[in-house]
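Enquirer: First, the structure itself, so that you have it in front of you.
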Amino acid sequence: GAVVSQHPSRVICKSGTSVKIECRSLDFQATTMFWYRQFPKQSLMLMATSNEGSKATYEQGVEKDKFLINHASLTLSTLTVTSAHPEDSSFYICSARDLRAGETQYFGPGTRLLVL
Amino acid sequence: AQSVTQLDSHVSVSEGTPVLLRCNYSSSYSPSLFWYVQHPNKGLQLLLKYTSAATLVKGINGFEAEFKKSETSFHLTKPSAHMSDAAEYFCVVSYSPGGGYNKLIFGAGTRLAVHP
């Protein structure tokens with residue numbers, strides 16, 4: 001089946017630093033990947049849609065300069081949290097759309113970010 | 001507009017008894033609907049999906065869901081709960097904002113507890 005990986009699984013950083021999270025589709029090509037944020041005991045909220053070779057599309061209320069997204073290849077999208085602050089601490093989850101399975105999205109295991 | 005409502009935030013059942021997780025949706029056109037499961041510290045796993053074919057959809061691990069247009073419901077059921085079913089379950093509706101891909105809207109989630 002379609003497998004999506006994320007790296008790192010956990011990261012702790014100091015306030016003001018930047019953190020990069022990678023999302024990879026391991027056995028399929030993904031022209032479109034999605035980044036979600038999940039607060040404790042809450043649902044997933046879509047942050048942005050990442051399209052290979054073009055600019056990401058951000059949801060309303062998500063700062064594009066704060067959350068930089070790059071989708072440089074058909075198997076890799078990165079999310080960089082710039083100048084991180086404690087309120088950016090959250091669980092970040094990516095998904096990739098597998099065209100072989102219609103519109104089904106396959107999810108990565110998530111990255112837990114803690115900003116001190 | 002598309003939305004999804006999970007009617008129960010917590011459901012508790014005894015092992016071996018039936019499971020019912022309720023979901024109602026709102027969509028301006030024929031929706032694609034999904035159920036995902038999230039185990040602690042693991043990524044989201046697709047249980048099943050409805051994409052306008054058979055209204056009774058069978059998924060993995062003995063789960064199934066029935067699409068009822070008249071009731072705008074997509075409830076998830078399982079005849080006999082196992083301890084390993086304890087997890088967070090999300091009902092999800094898909095919609096197309098244009099651009100050739102679909103976005104997912106997640107329900108708030110239902111936490112299923114299974115007692116011996």
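Protein chains in written order, with our numbering: chain A, 1 to 116; chain B, 1 to 116. For glycine and all other residues, C-beta sits at the position ideal for the given N, C-alpha and C. Given the structure is predicted, the values throughout are model-derived calculations rather than measurements.
1. Is there a Cβ from chain A that is less than 9 Å from the Cβ of residue 16 of chain B?
2. Taking CB distances under 9 Å as the criterion, tell me whether residue 86 of chain A reaches chain B.
3. Where do the N-terminal and C-terminal ends of the beta strand (DSSP E) with residue 47 of chain B fall, by residue?
4. Do we get a CB-CB distance below 9 Å when we pair residue 78 of chain A with the residues of chain B?
5. Would you list, in sequence order, the uninterrupted beta strand (DSSP E) runs of no fewer than 3 residues that lie entirely inside the stretch 4-89 of chain B?
6. Give me the Cβ distance between residue 25 of chain B and residue 93 of chain B, rounded to the nearest whole Å; I'm assuming they're in contact under 8 Å.
7. With a floor of 4 residues, list each alpha helix (DSSP H) that falls wholly inside the stretch 60-103 of chain A, ordered by position along the chain.
8. When the cut-off is 9 Å and only beta carbons count, does residue 106 of chain B lie next to chain A?
9. Taking the continuous beta strand (DSSP E) assigned at residue 4 of chain A, which residues delimit it?
10. Could you give the distance in angstroms between the alpha-carbon of residue 144 of chain B and the alpha-carbon of residue 85 of chain A?
11. By the criterion of Cβ-Cβ separation under 7 Å, what are the contact partners of residue 107 of chain A in chain B?
12. Against residue 43 of chain A, what residues of chain B qualify as contacts under a CB-to-CB distance less than 8 Å, listed in chain order?
13. With contact counted as at least three CB pairs below 8 Å, one residue from each stretch, are the stretch 10-24 of chain A and the stretch 2-16 of chain B in contact?
14. In angstroms with no decimal places, state the Cα-to-Cα distance between residue 77 of chain A and residue 17 of chain B.
15. Using the three-state DSSP reduction, which class does residue 25 of chain A fall into: helix, strand or coil?
16. List the residues of chain B whose Cβ lies closer than 7 Å to the Cβ of residue 32 of chain A, in chain order.
17. Thinking C-beta only, is residue 19 of chain B closer than 9 Å to residue 78 of chain B?
18. Looking at the C-beta of residue 156 of chain A, does it have a partner C-beta in chain B at a distance below 9 Å?
19. Using C-beta distances below 7 Å, list every residue in its chain close to residue 6 of chain A, excluding the 5 sequence neighbours before and after it, in chain order.
20. Residue 32 of chain B versus chain A: which residues are under 7 Å apart at the beta carbon?
21. So, for residue 45 of chain B: in the same chain, excluding its five sequence neighbours on each side, which residues have a beta-carbon less than 7 Å away from its beta-carbon?
Expert: Checking against the coordinates, here is how it stands:
1. no
2. no
3. Looking at the DSSP string, the run of the beta strand (DSSP E) that includes residue 47 of chain B is 44-50.
4. no
5. 10-14, 19-21, 23-26, 32-38, 44-50, 56-58, 64-68 and 73-78
6. Yes, residue 25 of chain B and residue 93 of chain B are in contact; Cβ-Cβ is about 5 Å, under 8 Å.
7. You should have found no qualifying run.
8. yes
9. 4-7
10. Chain B is shown from 1 up to 116; residue 144 of chain B falls before or after that span and cannot be answered.
11. 43 and 44
12. Near residue 43 of chain A (Cβ distances below 8 Å), the residues of chain B are 90, 106, 107, 108 and 109.
13. no
14. 42 Å
15. Strand at residue 25 of chain A.
16. Contact note: residue 32 of chain A reaches chain B through 101, using a C-beta cutoff of 7 Å and chain order.
17. Cβ atoms of residue 78 of chain B and residue 19 of chain B: closer than 9 Å.
18. Nothing about residue 156 of chain A can be reported from this structure: the residues present for chain A run from 1 to 116 only.
19. 21, 22, 23, 94, 108, 109, 110 and 111
20. 103
21. 36 and 37
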